[in-house]
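*Asks:* Keeping their order, the protein sequence lines are chains A and B.
Count the first sequence with the numbering used here and you get residues -17 to 155, in order.
Count the second sequence with the numbering used here and you get residues 661 to 949, in order.
In this text, a Cβ means the ideal position worked out from N, Cα and C, and glycines have one as well.
Here the structure is a predicted model, which is why all the values come from computation and not from measurement.
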Amino acid sequence: MRLLPVLGAVFVAVVLQATLARYMVGGRWVFDLVLVGVVYAALQQGAVAGMLAGTIGGLLQDSLSGGILGVGGLSKTLTGFATGAVGTRFVVSKPYARAIIVAVASVVNRGMTIGLDAMIHQEWPAVPWVALAGETAANTVFGFLLFAATLAVPGMAARGRFKRRSSWGRRQW
Amino acid sequence: MLRRPLALLVIVCLGHVLLISTQVQSKSGLPVLEAVTFGTMARVQAAVAGVADAVRSTWSQYFALRGVERENQALRQRVLELEGQLQAEQARSAGTRALQEALQMQQEAPVKMLAARVIAGDPAPGSLTVTIDRGSRDGIEPNMAVLAGAGVVGRVIGRPAAHAAKVQLLIARDAGAGAVLEKTGQGGFLAGGFGDGLFRLELVSNLTTVTAGEKVLSSGQDKLYPRGYLLGSVERVDGEGRTRVIFVRPAVDFSHIEIVNVILALPADPDAGALPPGKPLPPRGKGGA
Chain A
-17 MRLLPVLGAV FVAVVLQATL ARYMVGGRWV FDLVLVGVVY AALQQGAVAG
33 MLAGTIGGLL QDSLSGGILG VGGLSKTLTG FATGAVGTRF VVSKPYARAI
83 IVAVASVVNR GMTIGLDAMI HQEWPAVPWV ALAGETAANT VFGFLLFAAT
133 LAVPGMAARG RFKRRSSWGR RQW
Chain B
661 MLRRPLALLV IVCLGHVLLI STQVQSKSGL PVLEAVTFGT MARVQAAVAG
711 VADAVRSTWS QYFALRGVER ENQALRQRVL ELEGQLQAEQ ARSAGTRALQ
761 EALQMQQEAP VKMLAARVIA GDPAPGSLTV TIDRGSRDGI EPNMAVLAGA
811 GVVGRVIGRP AAHAAKVQLL IARDAGAGAV LEKTGQGGFL AGGFGDGLFR
861 LELVSNLTTV TAGEKVLSSG QDKLYPRGYL LGSVERVDGE GRTRVIFVRP
911 AVDFSHIEIV NVILALPADP DAGALPPGKP LPPRGKGGA
């Protein structure tokens, strides 16, 4: 496991989440880019990377939002680990398949957060189904775009290199 | 193969559970860790927000200028109208001042405000707080009221960092304000935290007639927000008697808050920074609807 890309993915996700959330405050659209970052790290680098990304990302999110420190951390740690374990046991390479994993991870993560909140406050809250569906959809779209870009960018760069090399060859010929 | 990662997972999860249980028992959290994380991230967010604003302003000032001429003409006309209104208001104000002097009433001291820029939203999805770029070094303290051009935004919560502070929006779940209906002067409590983005005005006497469009102002009785600032206007009233529910549309558009003003007075005195009765919030800053 390479530590730097994991930390980088989590940090970028937290900064992006806080930056975009600034324009979405009080709006109907809710999303969790940190979770997308955790799933990305888990699928790219495995269960331990997912767990680490979940721990760091969740704790950062908790400490910045002023809630109980550890709730987001614990749910994202478990989500990251489970995602990484699934990713290493099954071949999940297509962006749409990975986006489905993001969707499932979103539901699992939100479910765990609601459950932990209920345990802490000893009161079962009303489950915001519409917000949950919206968040899952938004996370899935962000995840699909991220994984599609991850697949497309190296190929585009290689094609560009090949084009430059072949045109250089023709000139020599 | 998975044995070592599983052991690691168990340790990490136990750490989390311990962390949570410490806070739940003491209700105090980890101030040092929170302060360090919040302070550091606020710096990063200020830089990122600066870059984002620069990109947005470049786009809006250079590339999205279609229809500006038409808008300019309409704005000029509006300025002319407002200048006329301003002159009329100044004349009325001079009359009021003369009356106050005649009655030897005390003039209100101008409230000290500090403009702040919203640099980040809450990273936890669905939470309703924002981060501003002013903190303890600028004189910001917990519970100070925060206003936008259109009305009350919320209050400072938590311990501010040196250059940043967290603001709980009035539409958040645990937020509320003492309120008063402008026409009848009937008091009540304005509660946030409803999924439809509207406030509910509670504890208003059933005998009071409430009509749609009536303005709702802060009463100052909550000792959080000074008296006389605009909170919203009545959207509709459902039901009658005890089952009556008063829906209030917020004056501020919480999805577009950029610049806010923080009242640099602690809310112990409800009249600190209060507006005189009948005078709505003067336009300040860019935030709000």
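#1: Take A100(A) and list the residues in its own chain whose beta-carbon comes closer than 7 Å to its own, dropping the five residues that flank it on each side.
#2: DSSP three-state call for I800(B): helix, strand or coil?
#3: Which chain A residues are close to P665(B), counting only those with a beta carbon under 9 Å from its beta carbon?
#4: At a CB-CB cut-off below 8 Å, which residues of chain B make contact with V90(A)?
#5: Going by DSSP, what residues sit across from I906(B) in a beta bridge?
#6: Taking a contact to mean a Cβ-Cβ separation below 9 Å, would you say L42(A) touches T697(B) in this structure?
#7: With 9 Å as the threshold, decide whether the Cβ of A751(B) is near any Cβ in chain A.
#8: For a quick check, are the C-beta atoms of L841(B) and V876(B) less than 9 Å apart?
#9: Answer with yes or no whether the minimum CB distance from G19(A) to chain B is below 9 Å.
#10: Should E117(A) go down as buried or exposed, given a rule of 16 or more other Cβ atoms within 10 Å for buried?
#11: Shorter than 9 Å from the beta carbon of I50(A) to some beta carbon of chain B?
#12: So if I threshold CB-CB distances at 9 Å, which residues from the region 668 to 683 of chain B count as touching chain A?
#13: Tell me which residues share the same chain as N732(B) and place their Cβ nearer than 6 Å to its Cβ, disregarding the 5 neighbours each side in the sequence.
#14: Based on DSSP bridge pairs, tell me the residues matched to R4(A).
#15: Which residue from V20(A), T70(A), G54(A), A81(A) puts its Cα closest to that of I96(A)?
#16: So, helix, strand or coil for A949(B), using DSSP?
#17: Measure how close the beta-carbons of L15(A) and F124(A) come, nearest whole angstrom, since I'm counting them as under 8 Å.
#18: Along chain A, which residues have their Cβ under 8 Å away from the Cβ of D705(B)?
#19: Could you tell me whether the Cβ atoms of L924(B) and K772(B) are closer together than 9 Å?
*Replies:* Reading off the structure:
#1: Here residue 100(A) refers to the residue found at position 118 when the first sequence is read from its first residue. Here A100(A) has W106, P107 as same chain residues with Cβ atoms under 7 Å from its own Cβ, once five neighbours each way along the sequence are excluded.
#2: Translated into the one-based positions of the second sequence, residue 800(B) becomes position 140. Coil at I800(B), not helix or strand.
#3: In the second sequence, counting from the first residue as 1, residue 665(B) sits at position 5. From the beta-carbon of P665(B), the residues of chain A found nearer than 9 Å are G28, A29, V30, M33, F63, G66, A67.
#4: Taking the first residue of the first sequence as position 1, residue 90(A) is located at position 108. Per Cβ cutoff of 8 Å: no residues; V90(A) is ~15 Å from chain B at best.
#5: As a working note, residue 906(B) is residue 246 in the second sequence. DSSP lists L861(B), V897(B) as partners of I906(B).
#6: Start at 1 with the first residue of the first sequence, and residue 42(A) comes out as number 60. Start at 1 with the first residue of the second sequence, and residue 697(B) comes out as number 37. A contact, by the Cβ cut-off of 9 Å.
#7: Working through the second sequence from its first residue, we reach residue 751(B) at position 91. For A751(B), not one C-beta of chain A is nearer than 9 Å to its own C-beta.
#8: In the second sequence, counting from the first residue as 1, residue 841(B) sits at position 181. In the second sequence, counting from the first residue as 1, residue 876(B) sits at position 216. Judged by beta-carbon spacing, V876(B) lies within the 9 Å limit of L841(B), meaning their Cβ atoms are closer than that value.
#9: Counting from 1 along the first sequence, the entry for residue 19(A) is found at position 37. Not a single CB atom of chain B sits nearer than 9 Å to the CB of G19(A).
#10: For the purposes of this step, residue 117(A) is taken as the residue at position 135 of the first sequence. With 16 or more Cβ atoms within 10 Å of its Cβ, E117(A) is classed as buried.
#11: In the first sequence, counting from the first residue as 1, residue 50(A) sits at position 68. I50(A) counts as touching chain B.
#12: Residues of the region 668 to 683 of chain B whose Cβ lies closer than 9 Å to any Cβ of chain A, in chain order: L668, L669, V672, C673, G675, H676, V677, L678, L679, I680, S681, T682, Q683.
#13: Here residue 732(B) refers to the residue found at position 72 when the second sequence is read from its first residue. Same-chain partners within the cutoff: there are none.
#14: Taking the first sequence and counting its residues from 1, one reaches residue 4(A) at position 22. None, per the DSSP bridge assignment.
#15: Locating residue 96(A) in the first sequence gives position 114, counting from the first residue. Proximity to I96(A) across V20(A), T70(A), G54(A), A81(A) peaks at G54(A), based on C-alpha coordinates.
#16: Mapped onto the second sequence, residue 949(B) falls at position 289. The pLDDT assigned to A949(B) is 32, lower than 50, so where the model puts this residue is not dependable; a value taken from the coordinates is nonetheless given after this. DSSP, read as helix, strand or coil, puts A949(B) in coil.
#17: Within the first sequence, residue 15(A) is the residue found at index 33, counting from 1. Within the first sequence, residue 124(A) is the residue found at index 142, counting from 1. At roughly 6 Å, the Cβ-Cβ gap stays under 8 Å, so L15(A) and F124(A) are in contact.
#18: Residue numbering aside, residue 705(B) sits at position 45 when the second sequence is read from its first letter. Rather than Asp, the amino acid found at residue 705(B) in this sequence is Gln. Residues of chain A passing the Cβ test: V(-3), A0, T1.
#19: Taking the first residue of the second sequence as position 1, residue 924(B) is located at position 264. Taking the first residue of the second sequence as position 1, residue 772(B) is located at position 112. With contacts defined as CB atoms closer than 9 Å, L924(B) and K772(B) qualify as a contacting pair.
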